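Read top to bottom, the protein sequences are chains A and B. When we follow this note's numbering, the leftmost residue of the first sequence carries the number 604, and every step to the right adds one. When we follow this note's numbering, the leftmost residue of the second sequence carries the number 604, and every step to the right adds one. Even for Gly, the Cβ is constructed at its ideal location relative to N, Cα and C. Quick caveat, the model's predicted, so the values are computed rather than measured. Below is one structure, written out as C-alpha cells; comments come after it.
2 protein chains.
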Amino acid sequence: MDHYFFLTETALFQGSTIEEIQMMLKCLRAEKKRFAKREMIYHAGESVQSMGVVLSGSVYVENDDLWGNKSVLDHIEPGAVFGETYACVAKEPLMVSVVAAETTEILFLNMNRLIQTCSNACEYHNRLIRNLLMIFAQKNLNLSRRIFHTSSKSIRGRLLSYLSFQATCQGSYEFTIPYNRQQLADYLSVDRSALSNELSKMKKDGLLEVNRNYFHLNEELFKSYL
Amino acid sequence: MDHYFFLTETALFQGSTIEEIQMMLKCLRAEKKRFAKREMIYHAGESVQSMGVVLSGSVYVENDDLWGNKSVLDHIEPGAVFGETYACVAKEPLMVSVVAAETTEILFLNMNRLIQTCSNACEYHNRLIRNLLMIFAQKNLNLSRRIFHTSSKSIRGRLLSYLSFQATCQGSYEFTIPYNRQQLADYLSVDRSALSNELSKMKKDGLLEVNRNYFHLNEELFKSYL
DNA sequence: AATTGTATGTTGTTATAACAACAAAGGAGC
DNA sequence: GCTCCTTTGTTGTTATAACAACATACAATT
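Given below as C-alpha cells:
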C-alpha cells in the first residue's frame, strides 16, 4: 500500500500524517480491493457496512430505475468517498448502485469501527470523524442544491437557477460546467433534446451564449430575472 | 433551563445523562431563545455558525423563490435540529429560511465549539459528534429519497415511486402519509390539482384507494409496475 | 482523408402537466 | 343547524415538455 501520501490530501484524512494514517488504517482494518471496468462494487437493494474511498480510477453512482433506465447520479474521483450514508444507516438498502468506471482501486472502511472511538482511544480517530462530518455536510449541500435547481417546473426556470448559481459560484458570467448535455439533462431531470431546445430559445432571447459546456450569460438580462 | 431531561431523548444528545448534558451545554455555551409565531429565525442569504435544536413549538424550513412563491421544505419538531449543514460549511449562504410555525424555543449550538474537541477533552463531546454524524446520514438519506421520487418525469411515476416506498417502509399496502395534498405536491414538485387529478385516474385504473392522507394500494397491480 | 462513433442541435407530433376557475366536501366555532 | 374557512376534487384550456427521428458537428482511429 503506497497510497499513504495520497491519502493525506483527501478530505477524509486531511490533517493527519502518513504515520497516523498507517495506524488508523490498521486500527480500522481497512481493506483494499481492485475492480475491473464495469464491475459492480455495490448493488442497489443490498445493505452495506463499509464506505469506500477511491484510491485510483473512478466510479459511477447510478440509479437503475424500475423500467431499466440507467441514470448516472454521481461520478466519484480519487480521494472522494461513496456509500458513507448507507454505511451509517446500515439497515437501509441502497437506492443506487456503484460501478467501476474504469480499472479502480477502492479502500473499504468499516463504519462501525470508524464510528466508535477505538479501545486504544487513538486521538486521530476523532479527527477522522470530524472530517467525515464535513464530507457529510458537503454532500448534503449538494443534494439540497440539486433539489433547489429542479424545483422550478419549467426547463428554463431550472436552467436559470442552475446557471446563475454557477455564475455566482465561479465568480463570473463566463464559465464552463462539468457536465455534457445528457448529464446536465439528468441533473435537472429533463429530456436532453428539450434541454438543447430551450438553450437555443434562450440564445434567441439574448440570455446567453453557449458552446458545448462553455456558457456566457448576459448579465443584464439574467439580473432582470433576479 | 428545565429541558435537560427532554434532551436525553433527542437524536443529538441520546446516550448522555442529564448531568453530562448540563456540562456539555455549558462547555458549548449553548443559548436558548424564544420566537413568536411567524418570526424569522434564519434568513435565506445569510450565513450562520450555529445549528438549532427545537425545544418546544416547531419551525418551517421554507424556500422563498425568486418569483415570490413560498414552499415549505421541512417541518422541524421538538427534539430535531436545523441549520446543521450550513453551520458546518459556514461560508455557504442559506438557500432556505427558517420560520417559527408557532411560539417556539430554540437552543442554539455553535458549530465551531461543537466540532473541535474542547480543551478539557470532555468525553461526552465525542458522542455528540457521533450522534450528529448519524443525524447527517439520516438527512442525507431523506434528501436522496426525495430526488429519487422526483426523478420520474410523469406525476404517476413519482406517485408510484413515493407510494411503493411508503408501503415498503410502513410494511403494509394500507397506510397514511404525513402530508396533505398540497404538501405532497410540493414534495413531488408537481401542481396540486394535477396531483389530485392523477390520483383519480389511478383510482379508476384500480391501482389504489385514497381518502385524504389514507392510501390502500392494490398489491397485484402495483407489483406489475414493479 | 476516410470512417466510425458520439454529442449536440433541430423539427414536428403527441402526451401531459400547469393553470385557472369552480364545485364539493370536511372541519371548527358559534 | 348555520357560517366561515380550508382542503380536496373536477373540468376545460393552454402551455410546454417528452418523444422520436433525423441532421449536423465534433472527435478519435485508422
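*asked:* Can you pull the chain A neighbours of Arg749 (chain B), defined as C-beta to C-beta under 7 Å?
replied: As a first step, residue 749 (chain B) is located in the second sequence; it is residue number 146 there, counting from the start. For Arg749 (chain B), the residues of chain A that pass the 7 Å Cβ criterion are Ile750, in the order they occur in the chain.
_Cross-strand partners of Leu820 (chain A) (DSSP beta bridge)_ = Taking the first sequence and counting its residues from 1, one reaches residue 820 (chain A) at position 217. A:Leu811, per the DSSP bridge assignment.
*In three-state DSSP terms, what is Ile679 (chain B)?*
Here residue 679 (chain B) refers to the residue found at position 76 when the second sequence is read from its first residue. DSSP places Ile679 (chain B) in strand when its eight states are reduced to three.
*Taking the alpha-carbon positions, what's the Ile831 (chain B) to Leu731 (chain B) distance?*
Shown here, chain B extends from 604 to 829; a query on residue 831 (chain B) therefore has no answer.
*Go through its chain and collect everything with a Cβ distance to Val793 (chain A)'s Cβ below 6 Å, but skip five positions before and after it.*
The residue labelled residue 793 (chain A) in the question sits at position 190 within the first sequence. So the qualifying residues of the chain are Ile758.
*Counting only beta-carbon atoms, is Ser674 (chain A) nearer than 9 Å to chain B?*
For the purposes of this step, residue 674 (chain A) is taken as residue 71 along the first sequence, with counting starting at 1. Chain B has a Cβ within less than 9 Å of the Cβ of Ser674 (chain A).
*Could you name the residues of the same chain whose beta carbon sits closer than 6 Å to that of Leu810 (chain B), not counting the 5 residues immediately before and after it, in chain order?*
Along the second sequence, read from residue 1 onward, the residue named residue 810 (chain B) stands at position 207. Result list for Leu810 (chain B): Asn821 and Leu824, in chain order.
*Between the CA atoms of His606 (chain B) and Lys635 (chain B) - distance to the nearest angstrom*: Stepping through the second sequence from its first residue, residue 635 (chain B) is reached at position 32. Stepping through the second sequence from its first residue, residue 606 (chain B) is reached at position 3. If you take the alpha carbons of Lys635 (chain B) and His606 (chain B), they lie about 10 Å apart.
*Can you list, in chain order, the residues of its chain whose CB lies under 6 Å from that of Phe616 (chain A), leaving out five sequence neighbours each side?*
In the first sequence, counting from the first residue as 1, residue 616 (chain A) sits at position 13. The answer, listed in chain order, is Leu610 and Ile624.
*Flag this pair as touching only if the stretch 689–703 of chain B and the stretch 805–819 of chain B have three or more C-beta atom pairs under 8 Å; answer yes or no.*
The answer is no - the stretch 805–819 of chain B does not touch the stretch 689–703 of chain B, with fewer than three Cβ pairs under 8 Å.
*asked:* Would Lys826 (chain A) pass as an interface residue toward chain B - the criterion being a Cβ-Cβ separation below 9 Å?
replied: The sequence position of residue 826 (chain A) within the first sequence is 223, counting from 1. Output row for Lys826 (chain A): interface = no.
*Decide yes or no for the touch test of the stretch 699–711 of chain B against the stretch 770–781 of chain B: beta carbon pairs closer than 8 Å, at least 3 of them.*
By the Cβ criterion, the stretch 699–711 of chain B is not in contact with the stretch 770–781 of chain B, since fewer than three pairs of Cβ atoms, one from each stretch, lie closer than 8 Å.
*Report yes if the C-beta distance between Glu642 (chain B) and Ala703 (chain B) is below 9 Å; otherwise report no.*
Working through the second sequence from its first residue, we reach residue 642 (chain B) at position 39. Working through the second sequence from its first residue, we reach residue 703 (chain B) at position 100. In this structure, Glu642 (chain B) places its C-beta atom within 9 Å of the C-beta atom of Ala703 (chain B).
*Just reading off the beta strand (DSSP E) that Asn713 (chain A) is part of, what are its end residues?*
Translated into the one-based positions of the first sequence, residue 713 (chain A) becomes position 110. Where Asn713 (chain A) is concerned, the enclosing beta strand (DSSP E) stretches over Thr707 to Asn713.
*Answer yes or no: does any C-beta atom of chain A fall closer than 9 Å to that of Glu822 (chain B)?*
Here residue 822 (chain B) refers to the residue found at position 219 when the second sequence is read from its first residue. Contacts with chain A at 9 Å (Cβ-Cβ) do not include Glu822 (chain B).
*Mind checking who Asn666 (chain A) pairs with in its DSSP beta bridge?*
Position 63 of the first sequence, counted from the first residue, corresponds to residue 666 (chain A). Listed as beta-bridge partners of Asn666 (chain A) by DSSP are A:Ser674.
*Residue of A:Gln773, A:Tyr790, A:Gln785 and A:Arg733 minimising C-alpha distance to Phe818 (chain A)*: Sequence index remark: in the first sequence, residue 818 (chain A) carries index 215 (1-based). Ranked by Cα distance from Phe818 (chain A), the first of A:Gln773, A:Tyr790, A:Gln785 and A:Arg733 is A:Gln773.
*Between Gly682 (chain A) and Val656 (chain A), is the Cβ-Cβ spacing less than 9 Å?*
Here residue 682 (chain A) corresponds to residue number 79 of the first sequence, with the count starting at 1. Here residue 656 (chain A) corresponds to residue number 53 of the first sequence, with the count starting at 1. Yes, the pair counts as a contact, with Cβ atoms nearer than the cut-off.
_So, with DSSP's three-state summary, where would you put Lys806 (chain B)?_
Here the question's residue 806 (chain B) lines up with position 203 in the second sequence. The answer is helix: DSSP assigns Lys806 (chain B) an H, G or I state.
_I want to verify the contact list: residues of chain B whose CB lies under 7 Å from the CB of Cys630 (chain A), in sequence order._
As a working mapping, residue 630 (chain A) is identified with position 27 in the first sequence. The contacting residues do not exist; Cys630 (chain A) stays about 16 Å from chain B at best.
_Residues of the stretch 779–801 of chain B in Cβ contact with chain A at a cutoff of 7 Å, in chain order, please._
Within the stretch 779–801 of chain B, contact with chain A at the beta-carbon level (separation under 7 Å) is assigned to Ser792.
*Could you give the distance in angstroms between the alpha-carbon of Tyr645 (chain B) and the alpha-carbon of Ser653 (chain B)?*
Counting from 1 along the second sequence, the entry for residue 645 (chain B) is found at position 42. Counting from 1 along the second sequence, the entry for residue 653 (chain B) is found at position 50. Separation of Tyr645 (chain B) and Ser653 (chain B) (C-alpha to C-alpha, rounded to the nearest whole angstrom) is 10 Å.
_Could you give the first and the last residue of the continuous beta strand (DSSP E) run that contains Thr779 (chain B)?_
What you label residue 779 (chain B) is simply residue 176 of the second sequence in a count that begins at 1. Counting along the chain, the beta strand (DSSP E) containing Thr779 (chain B) begins and ends at Glu777 to Thr779.
*asked:* Using C-beta distances below 8 Å, list every residue in its chain close to Gly618 (chain A), excluding the 5 sequence neighbours before and after it, in chain order.
replied: For the purposes of this step, residue 618 (chain A) is taken as residue 15 along the first sequence, with counting starting at 1. Hits under 8 Å: Arg730 and Asn734.
*For Arg637 (chain A), which beta-bridge partners are listed by DSSP?*
Stepping through the first sequence from its first residue, residue 637 (chain A) is reached at position 34. Answer by DSSP bridge pairing, in chain order: A:Glu708.
*For a contact meaning CB atoms closer than 8 Å, what does Val692 (chain A) contact in chain B?*
Translated into the one-based positions of the first sequence, residue 692 (chain A) becomes position 89. Residues of chain B passing the Cβ test: Met737, Ala740, Gln741 and Leu744.
*Which one of A:Gln719, A:Arg761 and A:Ser764 has the shortest CA to CA distance from Met627 (chain A)?*
Within the first sequence, the letter at position 24 stands for residue 627 (chain A). For the options A:Gln719, A:Arg761 and A:Ser764, the alpha carbon positioned closest to that of Met627 (chain A) is the one of A:Gln719.
*Since Tyr765 (chain A) and Leu791 (chain A) are thought to touch, with beta carbons under 8 Å apart, how far apart are those beta carbons, to the nearest angstrom?*
For the purposes of this step, residue 765 (chain A) is taken as the residue at position 162 of the first sequence. For the purposes of this step, residue 791 (chain A) is taken as the residue at position 188 of the first sequence. Contact holds; Cβ gap of about 6 Å.
_Contact list for Lys804 (chain B) against chain A, beta-carbon separation under 7 Å_ = Mapped onto the second sequence, residue 804 (chain B) falls at position 201. The premise fails here: Lys804 (chain B) is roughly 19 Å from chain A at the closest Cβ pair, so nothing lies under 7 Å.
*Is the Cβ of Ser653 (chain A) closer than 9 Å to any Cβ of chain B?*
Locating residue 653 (chain A) in the first sequence gives position 50, counting from the first residue. No - not a single Cβ of chain B is within 9 Å of the one on Ser653 (chain A).
_Proximal chain B residues relative to Ser754 (chain A), where beta-carbon distance stays under 8 Å_ = As a working note, residue 754 (chain A) is residue 151 in the first sequence. By Cβ distance, chain B contributes Asn666, Asp668, Ser674 and Ser792.
*Can you give me the Cβ contacts of Gly648 (chain A) inside the same chain, cut-off strictly under 6 Å, excluding the 5 residues immediately before and after it?*
The residue labelled residue 648 (chain A) in the question sits at position 45 within the first sequence. Within the same chain, Gly648 (chain A) has close Cβ partners Pro696.
*Short check: CB of Phe685 (chain A) to CB of Gly660 (chain A), under 9 Å?*
As a position in the first sequence, residue 685 (chain A) is number 82, starting the count at 1. As a position in the first sequence, residue 660 (chain A) is number 57, starting the count at 1. No, these two residues do not count as a Cβ contact at 9 Å.
*Is Arg784 (chain A) near Leu798 (chain A), with beta carbons less than 9 Å apart?*
Counted from its first residue, the first sequence places residue 784 (chain A) at position 181. Counted from its first residue, the first sequence places residue 798 (chain A) at position 195. Leu798 (chain A) sits close to Arg784 (chain A), with the two beta carbons spaced by under 9 Å.
*asked:* Using only the alpha-carbon positions, how far apart do Leu584 (chain A) and Arg795 (chain A) sit?
replied: As displayed, chain A neither begins before 604 nor continues past 829, which places residue 584 (chain A) out of reach and without an answer.
*What does Gly760 (chain B) pair with, by DSSP beta-bridge criteria?*
By one-based count along the second sequence, residue 760 (chain B) stands at place 157. In the DSSP secondary-structure assignment, Gly760 (chain B) is not bridged to any residue.
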